[in-house]
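Data block below; observations after.
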Amino acid sequence: DAKTTQPPSMDCAEGRAANLPCNHSTISGNEYVYWYRQIHSQGPQYIIHGLKNNETNEMASLIITEDRKSSTLILPHATLRDTAVYYCIVSQGGSEKLVFGKGMKLTVNP
Amino acid sequence: DAGVIQSPRHEVTEMGQEVTLRCKPISGHNSLFWYRQTMMRGLELLIYFNNNVPIDDSGMPEDRFSAKMPNASFSTLKIQPSEPRDSAVYFCASSLALRQAGVEQYFGPGTRLTVT
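Here the protein sequences come in this chain order: F and V.
Reading the first sequence from the start, the letters are residues 64 to 173 in our numbering.
Reading the second sequence from the start, the letters are residues 13 to 128 in our numbering.
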C-alpha cells in the first residue's frame with residue numbers, strides 16, 4: 064500500500080539541476096512529504112520535508128503542488144556525491160513512522 | 013556531535029547463535045528506531061521507542077527478535093536464535109520528537125549481519 068510513486072531511476076549531468084518527481088495522489092490534509100536519500104552502503108540521510116508550502120534548505124528545495132498530489136525535490140547543482148537512492152515518503156503529522164518504498168536511483172554523470 | 017553510533021559494524025555468526033546489536037542515539041533525542049534493510053524487502057521499520065518506551069513493534073518479524081531501551085542513551089536489538097534469513101543491514105535511527113509534525117530521523121551507519 065505504497066503512498067508514493069517515484070520513477071525507478073534518473074540520470075543527471077554534473078552541475079545541472081536535478082528535479083526528482085514524486086506522486087502522492089492519496090495524501091491527506093495532515094500528512095507531510097519527506098525526502099531522504101541513501102548513498103551506497105550508508106544509512107539514509109534526511110534531506111527536507113514539507114506540508115503545503117515550498118521549502119528550501121542548504122541541501123535542496125521541495126516544491127509541492129497546490130493540490131498536494133505531487134512534489135518535486137530539486138538539487139540545484141548536482142554533484143557526483145549526490146548519486147544515491149532518493150526516497151519520497153508521506154507520513155501523518157505527529158506520527159514518527161516512516162515507510163520507505165523502493166525509492167529512485169539518481170545517477171549524476173560527469 | 014558524534015551522531016548515532018552502532019556496534020558492531022559487521023557481525024558474522026552461525027545459525028542458532030544469539031546476536032546482539034547495539035545503538036547509542038544522539039544525545040538529547042527522545043525517539044529511537046530500529047530498521048532492517050535487505051535487497052528483497054527494502055528498508056523496514058522493526059520497532060521504535062519514545063522516551064525509552066516501545067511504541068510500535070508491529071514490524072518485529074517474530075519472537076526471535078527482541079529490543080530493549082534501558083535508558084535514553086542505549087538500545088539493543090537481540091536475535092535468538094539467529095537464522096540465515098536474518099542476514100541484513102540493521103540501522104538504528106534517532107530523532108527529537110516534540111509532539112509536532114515534521115521530525116527528521118538521523119540514521120547510524122548500520123550493522124551488517126551475516127548468519128551462516
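C-beta atoms are modelled at their ideal positions from N, C-alpha and C, and glycine is treated no differently.
The three-state secondary structure of L138 (chain F), taken from DSSP, is strand. With a threshold of 8 Å between beta carbons, P84 (chain F) makes no contact with chain V.
At least one CB of chain F lies nearer than 8 Å to the CB of P121 (chain V).
The beta carbons of F119 (chain V) and G106 (chain F) sit closer together than 8 Å. When secondary structure is reduced to three states using DSSP, P66 (chain V) falls in the strand class. Straight-line measurement puts the Cα of L57 (chain V) at about 22 Å from the Cα of G113 (chain F).
Per DSSP, the beta bridge partners of Q155 (chain F) are F:E94. Here K36 (chain V) is bridged, per DSSP, to V:I17. Contact check for T123 (chain V) against R48 (chain V) fails: the beta carbons are separated by 8 Å or more. H103 (chain F) is outside the set of residues whose beta carbon lies under 8 Å from a beta carbon in chain V. Cβ contact annotation for L83 (chain F) (same chain, cutoff 7 Å, sequence separation greater than five): M73, T135, L136, Y149, M167 and L169, in chain order. Taking every protein chain shown into account, the CB of R53 (chain V) has fewer than 16 other CB atoms within 10 angstroms, so this residue is exposed.
Around A84 (chain V), no beta-carbon contact reaches into chain F at under 8 Å, the shortest distance being about 16 Å. V115 (chain V) has a beta carbon lying within less than 8 Å of a beta carbon in chain F. Secondary structure at D98 (chain V): helix, using DSSP grouped into helix, strand and coil.
Taking a Cβ-Cβ threshold of 9 Å, the residues of chain V close to Q108 (chain F) are Y118 and F119, in chain order.
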